[in-house]
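Peer 1:
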Amino acid sequence: GAVVSQHPSWVICKSGTSVKIECRSLDFQATTMFWYRQFPKQSLMLMATSNEGSKATYEQGVEKDKFLINHASLTLSTLTVTSAHPEDSSFYICSATWTGTGNEKLFFGSGTQLSVL
Amino acid sequence: DAKTTQPNSMESNEEEPVHLPCNHSTISGTDYIHWYRQLPSQGPEYVIHGLTSNVNNRMASLAIAEDRKSSTLILHRATLRDAAVYYCILRGGSNYKLTFGKGTLLTVNP
């Protein structure tokens, strides 16, 4: 089956630094990728949708200058948390699909646990 | 966005069937019903999806009501590895995104 690889699986950083998370579709071309954030004991919150070769679409309340998304190829999307602060500590998850319709499943990465000190 | 309603939690015994309900009374004609599950500290995993007819795969079965306003995910024989949060999500039409609700936390007792 299709696999989405997310890296790193966990990262600890100092406040004020930037952290980059990679999401790769290993055996299919992902025209659309989604980035989610999940706080403890809560559901996944969609942060943004990225389409290959175009700017990401951010959900309401998500700062696009803080969470930079790049989807430069059909197999790679990156999320950069800029100037991270402790409140950005969360579980970040990416997912990928090859069309934008409803009749296909999404494949999810294993998630990245970010801890900002 | 069309919303879904699920029980917060359910409990089952190992080796017994589990029926996880989902209500989606505002579903549109082009919405697919998707089910995903999330094990602790992992990303969600696809379980099954369907449009109108019941669906079966190696993981589960999906029973869709005739009016499509509700559906039931059926795990035929629950195992301890099935303990997870199960999400019922509508996807399709103008809303191709997956918007997660709170899901149902399934506990499987040995």
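Note that the protein sequences, when read in sequence, are chains A and B.
Note that my numbering has the first sequence beginning at 17, numbered continuously upward.
Note that my numbering has the second sequence beginning at 22, numbered continuously upward.
Using N, Cα and C, we set each Cβ at its ideal position, and we do this for glycine too.
1) Taking the beta strand (DSSP E) that Arg58(B) belongs to, which residues open and close that run?
2) Compute the Euclidean distance between the alpha carbons of Gly77(A) and Met63(A), then round it to the nearest angstrom.
3) Whose Cβ in chain A lies nearer than 8 angstroms to the Cβ of Thr120(B)?
4) What are the residues in the region 77-106 of chain A lying within 9 angstroms of chain B by C-beta distance?
5) Give every residue of the same chain whose Cβ lies closer than 6 angstroms to the Cβ of Asn44(B), excluding the five residues on either side of it in the sequence, and list them in chain order.
6) With distances taken Cα to Cα, identify the nearest neighbour of Val129(B) among Arg102(B), Phe121(B), Lys123(B).
7) Does the beta carbon of Lys123(B) come closer than 7 angstroms to any beta carbon on chain A?
8) Take the Cβ of Gly71(B) as the centre, count every other Cβ of all protein chains shown within 10 Å, and call the residue buried at 16 or more, exposed below.
9) Please report the Cβ distance between Thr125(B) and Ser62(B), rounded to the nearest whole angstrom; I am assuming they are in contact, meaning their Cβ atoms lie under 8 angstroms.
10) Whole angstroms are fine: how far does the CA of Ser33(B) sit from the CA of Thr96(A)?
11) Taking the beta strand (DSSP E) that His87(A) belongs to, which residues open and close that run?
Peer 2: Taking the definition as stated:
1) 52-59
2) 9 angstroms
3) Leu62
4) none
5) Thr26, Ser91
6) Arg102(B)
7) yes
8) buried
9) Incorrect: roughly 18 angstroms between the Cβ atoms, too far for contact.
10) 41 angstroms
11) 83-89
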